[in-house]
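Colleague: This is the structure, below, for whatever I ask next.
There are 2 protein chains.
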Amino acid sequence: MSGDVHSIPLIRAGIDTYRQPVVYMHEDCHLCRAEGFTSLTRIHIRLRDRSIVASLNVITGADWLSPDRAALSDAAWTILGARDGDLASFSHAEPPGSASAIRAKVYGKRLGDDEFKSIIGDVLAYRLSDLDLAAFVTSCAGDRLDIEETIALTRAMQQAGQTLEWGKGLVLDKHCVGGLPGNRTTPIVVAIVAASGYRIPKTSSRAITSPAGTADTMEVMTPVALKIADMRRVVEAEGGCLVWGGGLDLSPADDLLIRIERPLDFDSDGQLAASVLSKKAAAGSTHVLIDMPVGPTAKVRSVEAAQSLSARLEAVAEAIGLGLHIHQSDGSAPVGRGIGPALEAHDVLKVLRCSPDAPLDLRDRALDLAGALLDLAEDDRGKGRQHAAELLGSATAEAKFLAICEAQGGFSEPQIAPYHAVETATTGGTIASIDNRRIARIAKLAGAPGRKTAGVLLHKRPGDTVERGEPVYEIHAETSGELDWARDYARSGPSALHIGEEP
Amino acid sequence: MSGDVHSIPLIRAGIDTYRQPVVYMHEDCHLCRAEGFTSLTRIHIRLRDRSIVASLNVITGADWLSPDRAALSDAAWTILGARDGDLASFSHAEPPGSASAIRAKVYGKRLGDDEFKSIIGDVLAYRLSDLDLAAFVTSCAGDRLDIEETIALTRAMQQAGQTLEWGKGLVLDKHCVGGLPGNRTTPIVVAIVAASGYRIPKTSSRAITSPAGTADTMEVMTPVALKIADMRRVVEAEGGCLVWGGGLDLSPADDLLIRIERPLDFDSDGQLAASVLSKKAAAGSTHVLIDMPVGPTAKVRSVEAAQSLSARLEAVAEAIGLGLHIHQSDGSAPVGRGIGPALEAHDVLKVLRCSPDAPLDLRDRALDLAGALLDLAEDDRGKGRQHAAELLGSATAEAKFLAICEAQGGFSEPQIAPYHAVETATTGGTIASIDNRRIARIAKLAGAPGRKTAGVLLHKRPGDTVERGEPVYEIHAETSGELDWARDYARSGPSALHIGEEP
Chain A
3 MSGDVHSIPL
13 IRAGIDTYRQ
23 PVVYMHEDCH
33 LCRAEGFTSL
43 TRIHIRLRDR
53 SIVASLNVIT
63 GADWLSPDRA
73 ALSDAAWTIL
83 GARDGDLASF
93 SHAEPPGSAS
103 AIRAKVYGKR
113 LGDDEFKSII
123 GDVLAYRLSD
133 LDLAAFVTSC
143 AGDRLDIEET
153 IALTRAMQQA
163 GQTLEWGKGL
173 VLDKHCVGGL
183 PGNRTTPIVV
193 AIVAASGYRI
203 PKTSSRAITS
213 PAGTADTMEV
223 MTPVALKIAD
233 MRRVVEAEGG
243 CLVWGGGLDL
253 SPADDLLIRI
263 ERPLDFDSDG
273 QLAASVLSKK
283 AAAGSTHVLI
293 DMPVGPTAKV
303 RSVEAAQSLS
313 ARLEAVAEAI
323 GLGLHIHQSD
333 GSAPVGRGIG
343 PALEAHDVLK
353 VLRCSPDAPL
363 DLRDRALDLA
373 GALLDLAEDD
383 RGKGRQHAAE
393 LLGSATAEAK
403 FLAICEAQGG
413 FSEPQIAPYH
423 AVETATTGGT
433 IASIDNRRIA
443 RIAKLAGAPG
453 RKTAGVLLHK
463 RPGDTVERGE
473 PVYEIHAETS
483 GELDWARDYA
493 RSGPSALHIG
503 EEP
Chain B
3 MSGDVHSIPL
13 IRAGIDTYRQ
23 PVVYMHEDCH
33 LCRAEGFTSL
43 TRIHIRLRDR
53 SIVASLNVIT
63 GADWLSPDRA
73 ALSDAAWTIL
83 GARDGDLASF
93 SHAEPPGSAS
103 AIRAKVYGKR
113 LGDDEFKSII
123 GDVLAYRLSD
133 LDLAAFVTSC
143 AGDRLDIEET
153 IALTRAMQQA
163 GQTLEWGKGL
173 VLDKHCVGGL
183 PGNRTTPIVV
193 AIVAASGYRI
203 PKTSSRAITS
213 PAGTADTMEV
223 MTPVALKIAD
233 MRRVVEAEGG
243 CLVWGGGLDL
253 SPADDLLIRI
263 ERPLDFDSDG
273 QLAASVLSKK
283 AAAGSTHVLI
293 DMPVGPTAKV
303 RSVEAAQSLS
313 ARLEAVAEAI
323 GLGLHIHQSD
333 GSAPVGRGIG
343 PALEAHDVLK
353 VLRCSPDAPL
363 DLRDRALDLA
373 GALLDLAEDD
383 RGKGRQHAAE
393 LLGSATAEAK
403 FLAICEAQGG
413 FSEPQIAPYH
423 AVETATTGGT
433 IASIDNRRIA
443 RIAKLAGAPG
453 RKTAGVLLHK
463 RPGDTVERGE
473 PVYEIHAETS
483 GELDWARDYA
493 RSGPSALHIG
503 EEP
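These protein sequence lines are chains A and B, in that order.
If you want this note's numbering, it's the position in the first sequence, counting the first as 1, plus 2.
If you want this note's numbering, it's the position in the second sequence, counting the first as 1, plus 2.
This is the structure in structure tokens:
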């Protein structure tokens with residue numbers, strides 16, 4: 003045995019560090035001392051045929067870890083597939099192979115295919131620390147990736163995970179760049195497009211910072227955590243599906259980079275294009291419609307920014323052989339009435355069922371997008387929206403939606419939360435605007451997306467008139483405690499709905 | 003009470019995250035649920051008159067933390083001055099005020115005085131996450147800080163902590179850019195300069211990644227953790243001191259940035275200049291000598307790199323009113339014989355005592371530096387080295403060194419480790435080179451710098467001839483286990499001393 007590698011039994015620390023592999027060792031651990039491991043040392047841990055690099059936290063004053071054991075964070079435990087008492091080997095981590103490529107990018111050099119491949123390989127093997135990842139993300143921020151580099155990064159990300167194959171013919175897809183609360187068009191679009199006879203094997207994400215993602219909303223009506231074989235069976239039977247993409251290993255590097263990109267929140271057209279298009283290409287799509295809401299509080303804030311991002315997306319899509327259409331939409335206000343998984347599901351079903359009280363703005367957006375996607379797929383363009391409206395109006399889309407849910411494991415009606423708090427107008431007037439950020443926060447404090455029926459139900463939208471004391475929105479919650487927290491917050495500070503002067 | 007701020011009692015987690023404030027909360031904690039806190043949420047914690055922003059780790063499967071308590075990492079606990087059971091208030095952290103300045107720098111804009119002040123203020127208030135700090139460090143890497151920005155950053159760092167004042171007259175200082183193992187000239191230089199009548203209130207660091215820092219070496223001979231008042235008393239009595247700077251709050255932002263810069267290890271002339279000169283200016287120095295070893299394994303690898311860095315240091319020093327001289331030296335091999343705190347102290351004392359077996363390379367380097375520093379201070383330049391050699395040869399410097407140690411709390415002879423392992427040559431020939439990195443690693447595995455007498459004692463240096471079986475170096479350790487670890491490592495892989503052909 004060399005002085006470099008030593009073994010020690012593992013225990014589970016039971017600490018969620020959000021995907022960052024962390025190892026905990028006692029300050030009196032002989033291995034720490036012998037190897038000179040100190041806090042934040044990067045340690046290579048090998049267990050059977052798996053290995054990771056984890057950052058060390060040293061236990062200085064707690065009795066839950068003895069000096070002859072090492073504890074792993076939830077992420078490290080899962081990635082290694084560890085079991086209690088497993089003997090793992092520990093050594094100093096060698097510098098990651100892609101360190102020189104990251105360094106070159108930091109110093110402003112252009113990177114090529116091999117260098118992006120090397121970086122993405124190290125991302126997936128958990129060989130890069132959070133600081134390394136932050137440096138890479140920062141080095142690509144703004145316009146520091148050119149078109150060729152964006153294409154290389156997109157290819158490296160796409161090829162690093164699972165790739166779905168659907169055989170000959172068109173495979174349609176859609177993506178929304180910047181989430182507005184309640185903008186839940188996807189289930190409607192998928193139902194219409196599949197009803198028209200096209201294939202649309204849609205994978206969606208769960209909410210990360212918003213009150214609901216499409217996967218969260220679909221989950222209140224049907225199972226979404228399908229394996230690839232089951233997803234394929236649903237698509238072969240119904241032409242479309244609405245499943246959670248997180249478990250399918252499509253462009254998995256994207257998920258690991260997003261963990262770092264989100265808190266840093268630097269705009270980067272290159273990284274956004276690589277993120278979206280690598281996922282779509284890995285999912286086997288041939289034609290993709292991008293919904294790009296533009297507005298002061300949306301992800302894309304101006305027409306100029308939309309043009310620049312659109313040019314980047316179009317160039318990358320062409321290079322990797324994806325058909326692409328970008329649909330700019332109004333990003334100035336939330337969409338529909340419900341905000342939260344079940345509340346948004348109710349909106350979706352009302353549109354599909356052509357209920358008299360269906361939210362018209364959600365219906366219009368879904369028809370715009372479905373129409374644009376049909377136009378993208380068909381040769382005689384321009385008739386897509388009319389065709390989409392027919393499929394929706396004839397209940398063909400509704401039937402297709404229910405058939406997809408049945409194929410995924412069965413349809414359930416969304417529930418209603420047991421606790422409601424009605425917020426009323428403190429003055430009369432016209433609703434001038436709605437603070438998206440504040441409304442989303444109230445929905446999250448009420449429990450969304452973890453509590454499926456929790457959230458906010460809007461009674462009024464911008465342009466509506468309201469009298470003093472009239473209900474403007476309701477908070478829905480599954481426990482009285484969460485209802486109180488959300489209402490306390492809603493009543494502190496300015497109202498989420500701004501009421502202008504009486505017209 | 004608004005929905006934003008809630009209180010919960012604190013306990014100490016006993017986890018060392020290396021200066022990164024982390025808060026641990028149970029997944030069933032009502033506050034986590036109500037506020038929507040999830041792993042890595044940035045949480046503002048207020049206790050009495052102190053506050054920090056910490057990152058959340060969620061306890062998912064451990065029983066050491068109950069749902070009605072929050073635990074703090076060692077760093078968070080110390081910064082808040084917390085006591086067991088203290089009731090602290092928790093809320094979502096607002097984005098740091100300097101976020102827009104960091105974003106601007108990431109996008110390649112130039113920053114001004116106020117923006118650097120804002121960033122350094124947020125660094126010191128622990129309002130920036132490690133990811134934010136990595137982004138800032140990355141955005142300044144390479145040559146992305148121009149001279150004006152470097153000056154602004156230096157001033158912001160210098161002014162953000164304690165500043166020492168020494169009254170009228172010269173205050174001399176020295177700094178070494180890139181540590182070679184065993185390059186322990188500082189105690190000798192301070193003794194000579196103080197013996198010549200100049201003031202040299204030297205503050206030094208402990209080792210971070212090396213087997214010894216000057217503070218570690220001095221600590222085996224005299225107390226170094228002095229308060230400012232005691233340091234002042236020593237300097238007033240003896241003209242110089244050799245204390246640990248870590249507790250004096252001089253340019254404290256530097257320590258927090260170094261924590262991030264070191265693992266990323268991007269070259270940045272701007273950040274290096276700001277780091278070194280902000281500390282020197284805060285320490286009240288008027289004239290600074292920079293030792294800049296140049297060599298393939300040193301920090302500065304080429305003459306061109308040395309010229310570029312020197313130009314930057316000179317421009318910043320002039321702008322902030324510091325006299326500066328840069329002394330380029332040979333950075334191709336370790337210096338002296340000992341590597342490790344006590345072993346280096348023995349080398350220092352042999353030079354000061356003019357022992358027949360004093361390492362001549364260490365003596366020469368110390369005289370070069372002391373001479374250059376005296377030249378920098380005096381008007382009739384060029385006689386400094388001769389003057390330095392006289393002070394050393396006449397034992398005046400030795401007497402001054404002992405007097406400084408007495409004033410700091412008393413002098414002790416350095417000890418010798420109880421366990422030695424002699425490594426011998428496996429072949430005869432001439433020592434071609436010594437692998438600095440490998441020798442340093444062996445010294446650290448043997449226990450340095452934590453175990454004061456541990457380390458490596460070189461018997462041979464590059465250019466020496468050696469016969470097969472002749473000792474080339476000794477490993478020193480305080481326990482037999484550490485001796486074994488270090489020897490196992492030393493005997494695995496290539497030897498740290500490369501022996502060429504028999505001449």
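Heads up, the beta-carbon is just placed ideally off N, CA and C, and yes, glycines get one too.
Keep in mind that this is a model prediction, so the values were computed, not measured.
Could you pull out every unbroken alpha helix (DSSP H) segment of at least 4 residues lying fully inside the segment 218 to 263 of chain B, listed in chain order?
Modeller: If we require 4 residues or more, the alpha helix (DSSP H) runs fully inside the segment 218 to 263 of chain B come out as 230 to 240.
Colleague: Taking CB distances under 8 Å as the criterion, tell me whether residue 506 of chain B reaches chain A.
Modeller: Missing from the structure shown is residue 506 of chain B; chain B here goes from 3 to 505 and no further.
Colleague: What would DSSP say about residue 52 of chain A, mapped onto helix, strand or coil?
Modeller: Locating residue 52 of chain A in the first sequence gives position 50, counting from the first residue. DSSP places residue 52 of chain A in strand when its eight states are reduced to three.
Colleague: When the Cα atoms are used, what is the spatial distance from residue 84 of chain A to residue 365 of chain A?
Modeller: For the purposes of this step, residue 84 of chain A is taken as the residue at position 82 of the first sequence. For the purposes of this step, residue 365 of chain A is taken as the residue at position 363 of the first sequence. Distance between the alpha carbons of residue 84 of chain A and residue 365 of chain A is about 48 Å.
Colleague: From the DSSP output, in three-state form, read off residue 9 of chain B for me.
Modeller: Residue mapping note: residue 9 of chain B aligns to position 7 of the second sequence, counting from 1. Three-state result, residue 9 of chain B: strand.
Colleague: From residue 88 of chain B to residue 48 of chain B, what distance separates their C-alpha atoms?
Modeller: Position 86 of the second sequence holds residue 88 of chain B. Position 46 of the second sequence holds residue 48 of chain B. Residue 88 of chain B and residue 48 of chain B: Cα-Cα distance of roughly 11 Å.
Colleague: Tell me which residues of the segment 120 to 153 of chain A have at least one Cβ-Cβ distance to chain E shorter than 7 Å, keeping chain order.
Modeller: Among the chains of the structure shown, chain E does not appear; the protein chains present are A and B.
Colleague: Compare the C-alpha of residue 219 of chain A against each of A:156, A:347, A:142 and name the closest.
Modeller: As a first step, residue 219 of chain A must be located in the first sequence, where it is residue number 217. Out of A:156, A:347, A:142, A:347 has the C-alpha closest to the C-alpha of residue 219 of chain A.
Colleague: Which of the three DSSP states is assigned to residue 210 of chain A in this structure?
Modeller: Translated into the one-based positions of the first sequence, residue 210 of chain A becomes position 208. In the structure shown, residue 210 of chain A sits in coil (DSSP, three-state: anything other than H, G, I, E or B).
Colleague: Less than 8 Å between the C-beta atoms of residue 345 of chain B and residue 478 of chain B, yes or no?
Modeller: As a first step, residue 345 of chain B is located in the second sequence; it is residue number 343 there, counting from the start. As a first step, residue 478 of chain B is located in the second sequence; it is residue number 476 there, counting from the start. Yes. Within cutoff.
Colleague: Buried or exposed, going by whether 16 or more other CB atoms sit within 10 Å of the CB of residue 379 of chain B?
Modeller: Walking along the second sequence from the start, residue 379 of chain B turns up at place 377. The residue in question, residue 379 of chain B, is buried, as its Cβ has 16 or more Cβ neighbours within 10 Å.
Colleague: What does the alpha-carbon distance come out to for the pair residue 202 of chain B and residue 20 of chain A?
Modeller: Reading the second sequence from its first residue, position 200 is the one you call residue 202 of chain B. Reading the first sequence from its first residue, position 18 is the one you call residue 20 of chain A. Using only the alpha carbons, I get a separation of about 49 Å.
Colleague: Using 8 Å as the threshold, is the segment 69 to 78 of chain A in touch with the segment 93 to 111 of chain A, meaning 3 or more CB pairs across them?
Modeller: The segment 69 to 78 of chain A vs the segment 93 to 111 of chain A: no contact.
Colleague: So for residue 493 of chain A, helix, strand or coil by DSSP?
Modeller: Counting from 1 along the first sequence, the entry for residue 493 of chain A is found at position 491. Reduced to three states, the DSSP call for residue 493 of chain A is helix.
Colleague: Give the list of continuous alpha helix (DSSP H) stretches no shorter than 4 residues that lie fully inside the segment 368 to 439 of chain B.
Modeller: Listed in chain order, they are 386 to 395, 398 to 410.
Colleague: Is it buried or exposed, residue 506 of chain A, if we count other Cβ atoms within 10 angstroms and call 16 or more buried?
Modeller: Nothing can be reported for residue 506 of chain A, as the shown portion of chain A is limited to 3 through 505.
Colleague: Is there a Cβ of chain A sitting closer than 8 Å to that of residue 59 of chain B, yes or no?
Modeller: Here residue 59 of chain B corresponds to residue number 57 of the second sequence, with the count starting at 1. Cβ-Cβ to chain A under 8 Å: yes for residue 59 of chain B.
Colleague: Residues in its own chain within less than 6 Å of residue 498 of chain A by CB, not counting five upstream and five downstream?
Modeller: For this step, residue 498 of chain A is matched to residue 496 along the first sequence. So the list reads 437, 440, 441, once near-sequence residues are dropped.
Colleague: With 8 Å as the C-beta to C-beta threshold (strictly closer), list the residues of the segment 79 to 111 of chain B near chain A in chain order.
Modeller: Listed by position along the chain: 105, 108, 109, 110.
Colleague: Taking a Cβ distance cut-off of 8 Å, strictly less, list which residues of the segment 31 to 47 of chain A are near chain B, in chain order.
Modeller: Correct list: 32, 35, 36, 37, 38, 40, 41, 42, 44.
Colleague: Look at residue 423 of chain A and residue 471 of chain A and say whether their C-beta atoms are less than 8 Å apart.
Modeller: Taking the first sequence and counting its residues from 1, the one referred to as residue 423 of chain A is at position 421. Taking the first sequence and counting its residues from 1, the one referred to as residue 471 of chain A is at position 469. Not in contact: residue 423 of chain A and residue 471 of chain A (Cβ atoms no closer than 8 Å).
Colleague: Rounded to the nearest angstrom, what separates residue 361 of chain B and residue 111 of chain A at their Cα positions?
Modeller: Walking along the second sequence from the start, residue 361 of chain B turns up at place 359. Walking along the first sequence from the start, residue 111 of chain A turns up at place 109. Cα to Cα, residue 361 of chain B sits roughly 45 Å from residue 111 of chain A.
Colleague: Using only the alpha-carbon positions, how far apart do residue 18 of chain B and residue 157 of chain B sit?
Modeller: The sequence position of residue 18 of chain B within the second sequence is 16, counting from 1. The sequence position of residue 157 of chain B within the second sequence is 155, counting from 1. Spanning the two alpha carbons is a distance of roughly 31 Å.
Colleague: Are any of the Cβ atoms in chain B nearer than 8 Å to that of residue 406 of chain A?
Modeller: The sequence position of residue 406 of chain A within the first sequence is 404, counting from 1. Not closer than 8 Å to any Cβ of chain B, the Cβ of residue 406 of chain A fails to qualify, so no.
Colleague: Just the Cα atoms here: how many angstroms apart are residue 22 of chain A and residue 56 of chain A?
Modeller: Position 20 of the first sequence, counted from the first residue, corresponds to residue 22 of chain A. Position 54 of the first sequence, counted from the first residue, corresponds to residue 56 of chain A. Rounded to the nearest angstrom, the two C-alpha atoms are 8 Å apart.
Colleague: Cβ of residue 288 of chain B less than 8 Å from any chain A Cβ?
Modeller: The residue labelled residue 288 of chain B in the question sits at position 286 within the second sequence. Chain A, which has no Cβ nearer than 8 Å to the Cβ of residue 288 of chain B, makes this no.
Colleague: Let's see if you can read the secondary structure: which residues bound the alpha helix (DSSP H) around residue 151 of chain B?
Modeller: One-based indexing of the second sequence puts residue 151 of chain B at position 149. Per DSSP, residue 151 of chain B belongs to the alpha helix (DSSP H) from 149 to 161.
Colleague: Distance check for residue 332 of chain B and residue 305 of chain B, CA to CA, integer angstroms please.
Modeller: Here the question's residue 305 of chain B lines up with position 303 in the second sequence. Here the question's residue 332 of chain B lines up with position 330 in the second sequence. Taking the straight line joining both Cα atoms gives about 11 Å.
Colleague: Hey, could you find the ends of the alpha helix (DSSP H) residue 82 of chain A is sitting in?
Modeller: By 1-based counting over the first sequence, the position of residue 82 of chain A is 80. First-last of the alpha helix (DSSP H) with residue 82 of chain A: 76 to 82.
Colleague: Three or more C-beta pairs under 8 Å: does that hold for the segment 156 to 175 of chain B against the segment 274 to 285 of chain B?
Modeller: Segments in contact, yes.
Colleague: Tell me which residues of the segment 475 to 487 of chain A have at least one Cβ-Cβ distance to chain B shorter than 8 Å, keeping chain order.
Modeller: Those residues of the segment 475 to 487 of chain A that come within reach of chain B (Cβ to Cβ, closer than 8 Å) are 483, 484, 487.
Colleague: Hey, does residue 76 of chain B have any beta-carbon neighbour from chain A nearer than 8 Å?
Modeller: Here residue 76 of chain B refers to the residue found at position 74 of the second sequence. Interface residue, yes.
Colleague: Would you say residue 17 of chain A reaches chain B, if we count a Cβ-Cβ gap shorter than 8 Å as a contact?
Modeller: In the first sequence, residue 17 of chain A corresponds to position 15, counting from 1. Yes, its Cβ sits closer than 8 Å to a Cβ of chain B.
Colleague: For a contact meaning CB atoms closer than 9 Å, what does residue 319 of chain B contact in chain A?
Modeller: Here residue 319 of chain B refers to the residue found at position 317 of the second sequence. Correct list: empty, because the minimum Cβ distance to chain A is about 25 Å.
Colleague: Within 10 angstroms of the Cβ of residue 80 of chain B, are there 16 or more other Cβ atoms? Answer buried if so, exposed if not.
Modeller: As a first step, residue 80 of chain B is located in the second sequence; it is residue number 78 there, counting from the start. Its Cβ having fewer than 16 others within 10 Å, residue 80 of chain B is exposed.
Colleague: Along the chain, where does the beta strand (DSSP E) that runs through residue 329 of chain B open and close?
Modeller: Here the question's residue 329 of chain B lines up with position 327 in the second sequence. Looking at the DSSP string, the run of the beta strand (DSSP E) that includes residue 329 of chain B is 325 to 332.
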